[in-house]
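Those sequence lines, one after another, are chains L and W.
Take the first sequence: its position 77, counted from the start at 1, is 263 in the numbering used here, and no numbers get skipped.
Take the second sequence: its position 305, counted from the start at 1, is 688 in the numbering used here, and no numbers get skipped.
The C-beta atom is built at its ideal place from N, Cα and C for all residues, glycine as well.
A quick write-up on the structure given underneath.
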Amino acid sequence: MHYTVLFYESQEEFAQRQDPEKKEEYLAGWTHYVKALRESGVVVSSSGLYPPEAATSLRRRDGKMVVQDGPITETKEQLGGFFVIDVPDMEAALEWAARCPNNAVEVRPNLPPVR
Amino acid sequence: MTGTAKAYATVEQAVRDCYGRLVAYLAVHWRDVAAAEDALADAFLAACETWPRQGVPDKPEAWLLTAARRRLVDGARRARVQAKAVPELLALAEEGASPGAEWEEAEIGDERLRMLFLCAHPELDPGIRTPLVLQTVLGVDATRIATAFVVKPATMGQRLSRAKAKLRAAPLRFEMPEKAEWPGRLEAVLEAVYAAYGSGWEEAAGAEPRRRDLAAEAIHLGRLLVRFLPGEPEAQGLLALMLHLEARRAARRDAKGRYIPLSEQDVTLWSADEIGEAEHHLSLAARAGRMGRFQLEAAIQSVHAHRSMTGETAWEDIALLYEGLVRLAPTLGAQVGRAAALAEAQGAQAGLSLLGELPQEAVRSYQPFWALAAHLYGRVGRLEEAREAYSRAAGLSTDPSVRRFLQERMNGL
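Structure (structure tokens):
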């Protein structure tokens, strides 16, 4: 069963990625976590994402796609990356989510692939 | 504090202090956990409405118990036409013999114990026993239980409801099981209490004081078990184990909340009183001449505790105790513990050999395995493997302070 683990980051957390003093600790936490996930053989796919400033959103209005800078929704925490993992059940997925180094994470079961 | 504020504070205090006791008491007498919980919730609500106006009663718990019983009786009257009302009315008749005003603390203690044994009913899924204990005996809400077990709150709620429905539907006995049934259930009871203790233990940093209360509650249940099952060495063993772990609470983190491993803890921060009490129970348990898992685990902690007196740890003794534990209960935790003890007693290589014998599949995401492997690789100078293992261990940690500790160890290689 595939689950998607979505990592949300606050503005401060996103800022740590660039901060010369905090960058190393921020990255280290992720390096270990990613390694543990990969070595356990549960990863299907994954990616980290650039901060929400890098986002461009499209929204259809009156039948026309309107392009704008920034994420679809402005919230305190934004999507920072994700893992698709293959584990037996939701509980196993939550267990992995609990190990993540940041403070907000969402787990959702993936729909079966469309055939 | 105004009268109203005082009344609310008293209700709140009562919820914290006696929810578990009252639910257990009502559930045992009423033979229906869910109904007991509903009635008690109504009683607390009634208290919130009444106490600010009429003042807090002399015995808040007894008041709540009476109010809850009245709800149950009302409910039963309404349900009289249904067949299920018969056992309820029978229970009601029994109730008449012991009015709420004469209710005693000792009696409640007894009910909690019965509830504990009920939660260990063989027909219940072992996985739900501890959550059920947490909810019905300790009054922890389903969301917090879900958090402790890392399960979806809705899922945990459903499982708890199902378990309660099962307790209600099946002709399960709410009475204390016969002595002959004790050994079969006792182990599950002890495990449930220990797991309840563990769910309080993880948050030892003190960030959430209510969790600490949970550990204290589990110890209270342990004491209750020892009192009501005198001469049962495993109950004494469990109590001793929890007290030994509890004794080190203040030493597990430094002032900044950083994790401190057992070997580096400041022994002067250990609670001598709790160690003393643990030792007392352990020596009483030994008299029965029946060794068991909890006694062995307590004995291991006891050897560690001796460091506060002798300044040294008798690793040979600990290795031997783990040997016994692995034979009785070959869990991954016990096997990793044995490897750690053997490494201290006979050298890192001995520990690594034992770790190498463990099934690879099982240890893949088992944090303690990687933490120990990292430490031992470091000691024998296999630095690359040590770094790799430290990284795995850090990545598998759920506790940020433990993660940081492992990262620092890795960087110090």
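According to DSSP, residues forming a beta bridge with residue i
| i | result |
| --- | --- |
| W/A638 | Beta-bridge pairing links W/A638 to no other residue. |
| L/E195 | L/Q264 |
| L/F269 | L/V191 and L/S232 |
| L/E292 | L/L192 |
| L/S243 | L/Q254 |
Close-in-space but distant-in-sequence residues of the same chain around residue i (CB under 6 Å, 5 per side omitted)
| i | result |
| --- | --- |
| W/A587 | For W/A587, the pLDDT reaches just 37, beneath the cut-off of 50, and the residue's location in the model is therefore unreliable, leaving the point undetermined. |
| W/L604 | V576 |
| L/A279 | Y189, V273 and V293 |
| W/V523 | L517 |
| W/W698 | A724, E727 and A728 |
| W/R775 | W753 |
| W/R815 | This structure leaves residue 815 of chain W out entirely; chain W is present only between 384 and 796. |
| L/V253 | L244 |
| W/L473 | Confidence at W/L473 is low in this model, with a pLDDT of 47, below 50, so the placement of that residue should be treated as unreliable; the coordinate-derived value is given next. Excluding residues within five positions, none has a Cβ falling inside 6 Å. |
| W/I701 | I683, V686 and A724 |
Outcome for residue i when other beta-carbon atoms lying within 10 angstroms are tallied against a minimum of 16
| i | result |
| --- | --- |
| W/V520 | buried |
| W/G734 | buried |
| W/Y760 | buried |
| W/S823 | Outside the displayed range of chain W (384 to 796) lies residue 823 of chain W, so it cannot be described from this structure. |
| W/E657 | buried |
| L/M251 | exposed |
| L/K209 | exposed |
| L/V300 | exposed |
| L/I258 | exposed |
| W/E488 | Any reading at W/E488 needs caution, since the residue's pLDDT is 44, under 50, leaving its predicted position unreliable; the model's value is listed next. Label assigned to W/E488: exposed. |
| W/M625 | buried |
| W/G694 | exposed |
| L/M187 | exposed |
| L/V230 | exposed |
Cβ shell of residue i (< 8 Å), same chain only, five flanking positions each side left out
| i | result |
| --- | --- |
| W/S784 | A588, R636, G640, R641 and Y642 |
| W/T387 | P435 |
| L/R246 | V252 |
| L/C286 | V191, F193 and Y219 |
Close-in-space but distant-in-sequence residues of the same chain around residue i (CB under 7 Å, 5 per side omitted)
| i | result |
| --- | --- |
| L/A319 | Since the first and last residues shown for chain L are 187 and 301, residue 319 of chain L lies out of range. |
| W/A503 | R512, R568, A571, V572 and A575 |
| W/I528 | P514, L517, Q518 and M539 |
| W/A525 | Q518, P536, M539, G540 and L543 |
| W/T393 | W434, V439 and P443 |
| W/A418 | L455 and G458 |
| W/L621 | L573, V576, Y577, G605 and F677 |
Interfacial residues, the stretch 708-721 of chain W to chain L, with Cβ spacing under 8 Å: Answer set for the stretch 708-721 of chain W: empty.
The stretch 384-398 of chain W contacting the stretch 495-508 of chain W, beta-carbon criterion three pairs below 8 Å: In this structure the stretch 384-398 of chain W does not lie against the stretch 495-508 of chain W, because fewer than three pairs of beta carbons, one per stretch, are closer than 8 Å.
Chain-ordered residues of the stretch 612-643 of chain W with a beta carbon less than 9 Å from chain L: With the criterion set as a beta carbon lying under 9 Å from some beta carbon of chain L, the stretch 612-643 of chain W has no members that meet it.
Validate contact between the stretch 740-758 of chain W and the stretch 607-614 of chain W using beta carbons, cut 8 Å, 3 pairs: Touching, no.
The stretch 761-782 of chain W: positions lying closer than 7 Å to chain L by Cβ: Look at the stretch 761-782 of chain W: the residues with a C-beta under 7 Å from a C-beta of chain L are S774, R775, A777, G778, L779, S780 and T781.
Within 9 Å of chain L by C-beta, residues of the stretch 647-672 of chain W in sequence order: Taking 9 Å as the Cβ-Cβ cut-off against chain L, none of the residues of the stretch 647-672 of chain W qualify.
Validate contact between the stretch 682-695 of chain W and the stretch 617-631 of chain W using beta carbons, cut 8 Å, 3 pairs: These segments touch.
Members of the stretch 503-536 of chain W near chain L, C-beta cut-off 7 Å: Of all residues in the stretch 503-536 of chain W, V533, V534 and K535 have a Cβ within less than 7 Å of some Cβ in chain L.
Stretch pair the stretch 701-717 of chain W + the stretch 647-661 of chain W: three plus CB contacts closer than 8 Å: The stretch 701-717 of chain W vs the stretch 647-661 of chain W: no contact.
Positions along the stretch 734-764 of chain W whose CB lies within less than 9 Å of some CB in chain L: Those residues of the stretch 734-764 of chain W that come within reach of chain L (Cβ to Cβ, closer than 9 Å) are R747, S748, Q750 and W753.
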